[in-house]
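*Asks:*
Okay, here's the thing in structure tokens:
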């Protein structure tokens, strides 16, 4: 009797699990809500649902929930999703600018000289591009995430049937995307107004689905789900927002947005059978760098509902069958049979193809990513995305370009300020006009106007490739430069020099694309130097200058100011001869090299630069000068001057943290040791005549340029405080 009773109890207890192992088990739907970075908690939820052996038959989501759901639906495991998220540099993705390393060399020069603002100029009207990211990097990251879904356009055919929810601005309705390009659907669902531009698809203008349907329970239920598990990552933020004092604009805007959304979210949640609400009290939707902190709360919240969830668990055999279906790999090896370029109008396809390294044959994701960065780094496109479509014999790879609607004429701004404790203040403003694609070969005109407290500068250059490959180019230019230069004797400023140069150049060169360029050229013009103010009076110089020039630039740094890897090499030569019509015969040769090495948050940067007159007597306007924060610590700008110079530096940088992507990049603790000098005569170039200096300070890479506060000291000077803000030009 007792055995019979125990057997009956055991049979009743196991009945739910027996039923769920049969074909008629209820179909499970999983709904992942939006919430920015808080959506990383969905990964923890997926981990625990798999630990409980709960299969998912239908899945959908909004915003970050749509991204996690799409990755899971396309075949990635929770651990793989976590690995992708934790290894991704979210600052780079959300900043959406081309990686400096892959910029065309001319665009690298622009990146150094200008603030992160670009305006268009059409019909004498200034066009303001949206102050939002176009999703260049995000879309390509999502394409990589969804590589297993290549060739699938019906989302019901994914490993798990899937829906991404977006909002159509035209109709003002919520849209459940069930077909098309999976990565683009995920990107549309996360097109947060003010952060990312809308996605245009099938006549719709799509933005973040969370505006109208942040937790789309009805959508997944409508797909055929019997049981709905919904994950609400915004519950904690809603409760916290309700208790705020609303002293800040962020609190007011956040609460207003929440009040508009929350009632509809609660209606959707009421339709769910199980609601998982991860506790995220000290985390915000913008903290994408805290992936590892955001995943565990999802696991914890799911474990807390273990008793409620186990009724949907299945036996091991049934769950293994689900995992086999969910992890199914559709694209074990992708063979590229065709490479297409679409969307380009002003930019020649041949010019674009010169940036492409992938060839027909095996698909190499790393090579495609570099191709996309290289094409986008040309500076002519809003976005450049890669898409794979199945063909009879393999896959076609399409590079889809979208040219900047505010181009091809642009205005840029630059500014720089350097102040020291001895009242030395250097400041300048730069206005640039750039007109690209002036002809089919990709010709370009640049005009610079610079004005400030010590410098006036005007430059016009016509950069003209002479072949479709765009390797060989000609570059005539006209330049006017006027400077007020302090003249030092020791540590004392004894005179003010007025120097004016006006000259023209014509260069011929070879573009190495993102690596750099080589130029040779001719220079002709006039130099005037007047030193009649100050304690001493210098002779006036009025010279004609005719010279040949040579220049080599190699730049594969990953950042122009705070590099962590790569290299930089610069060589400049100028050779003036009286036989050519120059007033004097003289030569200059300069070399500079820089190499950073990074170990975690620590970076060592070694640099070496030197200049030589090659045994000739240099006129004042061609002599070398040292001093200032970036040149030789402890000295004022222009303080050291001569016909020869050499400086070796060893810098150390410690990464203290990161700024939000909209404000810049990182901020650092800095230290540097310098050894070198400038000499008038070749006989003085001796190790015993070296000067030594160093500095310590703080620096940040901001939206308006570099910001540095430092204290420098050289052995022959007093300690000098530096403040620097702005760009490099």
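Numbering (the working numbering), first residue to last: 111 to 839. The beta-carbon is built from N, C-alpha and C at its ideal position, and this holds for glycine as well. Nothing here was measured: the structure is a model prediction, and the numbers come from that model.
#1: Where do the N-terminal and C-terminal ends of the alpha helix (DSSP H) with residue 157 fall, by residue?
#2: Are the segment 411-422 and the segment 219-227 in contact at 8 Å, needing three or more beta carbon pairs?
#3: Can you check the segment 185-224 for any alpha helix (DSSP H) of at least 4 residues that lies completely inside it and give the ranges in chain order?
#4: Which residues does DSSP pair with residue 695 in a beta bridge?
#5: Could you tell me the alpha carbon to alpha carbon distance between residue 379 and residue 139, rounded to whole angstroms?
#6: For the beta strand (DSSP E) holding residue 759, just list the boundary residues, first then last.
#7: According to DSSP, simplified to helix, strand and coil, what is residue 623?
#8: Taking 7 Å as the cut-off, decide whether the C-beta atoms of residue 834 and residue 528 are in contact.
#9: Starting from residue 781 and walking both ways along the beta strand (DSSP E), at which residues does that stretch end?
#10: Using alpha carbons as the reference points, say which of 207, 651, 170 and 251 lies closest to residue 487.
#11: Taking the beta strand (DSSP E) that residue 421 falls in, what are its first and last residues?
#12: With DSSP collapsed to three states, give me the class of residue 300.
#13: Determine the DSSP secondary structure at residue 277, reduced to helix, strand or coil.
#14: Are residue 176 and residue 274 close, meaning C-beta to C-beta below 7 Å?
#15: Quick check on the DSSP output: what are the complete beta strand (DSSP E) runs of length 3 or more inside the segment 544-632, in order along the chain?
#16: Out of 802, 798 and 822, state which residue places its alpha-carbon closest to the alpha-carbon of residue 808.
#17: Once DSSP output is grouped into helix, strand and coil, what is the label at residue 175?
#18: Applying the criterion that 16 or more other CB atoms from any shown protein chain within 10 Å of the CB defines a buried residue, is residue 636 buried or exposed?
#19: Can you tell me the Cα-Cα spacing of residue 667 and residue 673, whole angstroms?
#20: Assuming the contact rule is C-beta atoms closer than 8 Å, residue 245 and residue 283 should be a hit. Round their C-beta distance to whole Å, please.
#21: Just mark residue 151 as buried or exposed, buried being the case when its beta carbon has 16 or more other beta carbons within 10 Å.
#22: Could you check the C-alpha separation between residue 670 and residue 435 for me, to the nearest Å?
#23: Just verifying my parser: in three-state terms, what is the DSSP assignment at residue 181?
#24: Once the 5 residues before and after residue 238 are set aside, which same chain residues still bring their CB inside 7 Å of it?
#25: Output the distance between the C-alpha atoms of residue 530 and residue 831, rounded to the nearest integer angstrom.
#26: Does the beta-carbon distance from residue 680 to residue 663 come in below 7 Å?
#27: Is the number of C-beta pairs between the segment 284-298 and the segment 307-318 that are closer than 8 Å three or more?
#28: Note down the Cα distance separating residue 459 from residue 515, rounded to an integer number of angstroms.
#29: Tell me, to the nearest whole angstrom, how far the beta carbon of residue 795 is from that of residue 754; I am working on the premise that it is less than 8 Å.
#30: Residue 597 and residue 605 look like a contact to me (Cβ under 8 Å); what is the Cβ gap, rounded to whole Å?
#31: Taking just the CA atoms, how far does residue 682 sit from residue 211?
#32: Take the Cβ of residue 522 as the centre, count every other Cβ of all protein chains shown within 10 Å, and call the residue buried at 16 or more, exposed below.
#33: Which partner residues of residue 138 appear in the DSSP bridge assignment?
#34: What is the rounded straight-line gap between the Cα of residue 132 and the Cα of residue 403?
#35: Looking only at DSSP bridge pairs, what is residue 678 linked to?
#36: Would you tell me roughly how many angstroms separate the C-alpha atoms of residue 739 and residue 745, rounded to the nearest one?
*Replies:* So, to answer that:
#1: Numbered from its first residue, the chain shown carries residue 157 at position 47. Per DSSP, residue 157 belongs to the alpha helix (DSSP H) from 151-161.
#2: With a cut-off of 8 Å, the segment 219-227 and the segment 411-422 do not count as touching, because too few Cβ pairs lie within range.
#3: 188-197, 200-205 and 215-223
#4: Walking along the chain shown from the start, residue 695 turns up at place 585. Answer is none; residue 695 lacks a bridge partner.
#5: As a working note, residue 379 is residue 269 in the chain shown. As a working note, residue 139 is residue 29 in the chain shown. Rounded to whole angstroms, residue 379 to residue 139 spans 13 Å at the Cα level.
#6: As a first step, residue 759 is located in the chain shown; it is residue number 649 there, counting from the start. Looking at the DSSP string, the run of the beta strand (DSSP E) that includes residue 759 is 754-768.
#7: Along the chain shown, read from residue 1 onward, the residue named residue 623 stands at position 513. Judged by DSSP in its simplified three-state form, residue 623 adopts helix.
#8: Along the chain shown, read from residue 1 onward, the residue named residue 834 stands at position 724. Along the chain shown, read from residue 1 onward, the residue named residue 528 stands at position 418. Yes. Within cutoff.
#9: On the chain shown, residue 781 is found 671 positions in, with the first residue counted as 1. 774-789 is the span of the beta strand (DSSP E), which, as asked, contains residue 781.
#10: Numbered from 1 along the chain shown, position 377 holds the residue referred to as residue 487. When each option's Cα is compared against that of residue 487, the closest is 207.
#11: Translated into positions along the chain shown, residue 421 becomes position 311. From DSSP, residue 421 is part of no beta strand (DSSP E); its letter is neither H nor E.
#12: By 1-based counting over the chain shown, the position of residue 300 is 190. It is coil, neither helix nor strand.
#13: Numbered from its first residue, the chain shown carries residue 277 at position 167. Residue 277: strand per DSSP, three-state reduction.
#14: The residue labelled residue 176 in the question sits at position 66 within the chain shown. The residue labelled residue 274 in the question sits at position 164 within the chain shown. In this structure, residue 274 lies closer than 7 Å to residue 176 by Cβ.
#15: 554-562, 565-575, 582-599 and 602-621
#16: Numbered from its first residue, the chain shown carries residue 808 at position 698. That would be 822, whose Cα lies nearest to the Cα of residue 808.
#17: Here the question's residue 175 lines up with position 65 in the chain shown. In this structure, residue 175 counts as helix in the three-state DSSP scheme.
#18: Against the chain shown, residue 636 aligns to sequence position 526. So residue 636 ends up on the exposed side.
#19: Residue numbering aside, residue 667 sits at position 557 when the chain shown is read from its first letter. Residue numbering aside, residue 673 sits at position 563 when the chain shown is read from its first letter. Looking at the two C-alpha atoms, the distance is approximately 6 Å.
#20: What you label residue 245 is simply residue 135 of the chain shown in a count that begins at 1. What you label residue 283 is simply residue 173 of the chain shown in a count that begins at 1. Wrong, their Cβ atoms sit about 22 Å apart, outside the cutoff.
#21: Position 41 of the chain shown holds residue 151. It is buried - the Cβ of residue 151 has at least 16 other Cβ atoms within 10 Å.
#22: Along the chain shown, one-based indexing puts residue 670 at 560. Along the chain shown, one-based indexing puts residue 435 at 325. Roughly 47 Å separates the two Cα atoms.
#23: Here residue 181 refers to the residue found at position 71 of the chain shown. Here residue 181 sits in helix by DSSP.
#24: As a first step, residue 238 must be located in the chain shown, where it is residue number 128. If we look at residue 238 and ignore the five residues flanking it on each side, its Cβ neighbours are 229.
#25: Counting from 1 along the chain shown, the entry for residue 530 is found at position 420. Counting from 1 along the chain shown, the entry for residue 831 is found at position 721. Here the alpha carbon of residue 530 sits roughly 5 Å from the alpha carbon of residue 831.
#26: For the purposes of this step, residue 680 is taken as the residue at position 570 of the chain shown. For the purposes of this step, residue 663 is taken as the residue at position 553 of the chain shown. Result yes, Cβ atoms of residue 680 and residue 663 sit closer than 7 Å.
#27: yes
#28: For this step, residue 459 is matched to residue 349 along the chain shown. For this step, residue 515 is matched to residue 405 along the chain shown. Taking the straight line from one Cα to the other gives about 18 Å.
#29: In the chain shown, residue 795 corresponds to position 685, counting from 1. In the chain shown, residue 754 corresponds to position 644, counting from 1. 5 Å between Cβ atoms; contact.
#30: Residue mapping note: residue 597 aligns to position 487 of the chain shown, counting from 1. Residue mapping note: residue 605 aligns to position 495 of the chain shown, counting from 1. Confirmed, about 4 Å.
#31: Sequence index remark: in the chain shown, residue 211 carries index 101 (1-based). Sequence index remark: in the chain shown, residue 682 carries index 572 (1-based). Approximately 22 Å, taken between the alpha carbons.
#32: Locating residue 522 in the chain shown gives position 412, where the first residue counts as 1. That one is buried.
#33: Translated into the one-based positions of the chain shown, residue 138 becomes position 28. Per DSSP, 337.
#34: Taking the first residue of the chain shown as 1, we reach residue 132 at position 22. Taking the first residue of the chain shown as 1, we reach residue 403 at position 293. Residue placement at residue 132 cannot be trusted, given a pLDDT of 45 that sits under 50; the coordinates are not used to answer.
#35: Position 568 of the chain shown, counted from the start, is the residue given in the question as residue 678. BP columns for residue 678 point to 665 and 704.
#36: For the purposes of this step, residue 739 is identified with residue 629 of the chain shown, where counting begins at 1. For the purposes of this step, residue 745 is identified with residue 635 of the chain shown, where counting begins at 1. Each residue's alpha carbon lies about 8 Å from the other.
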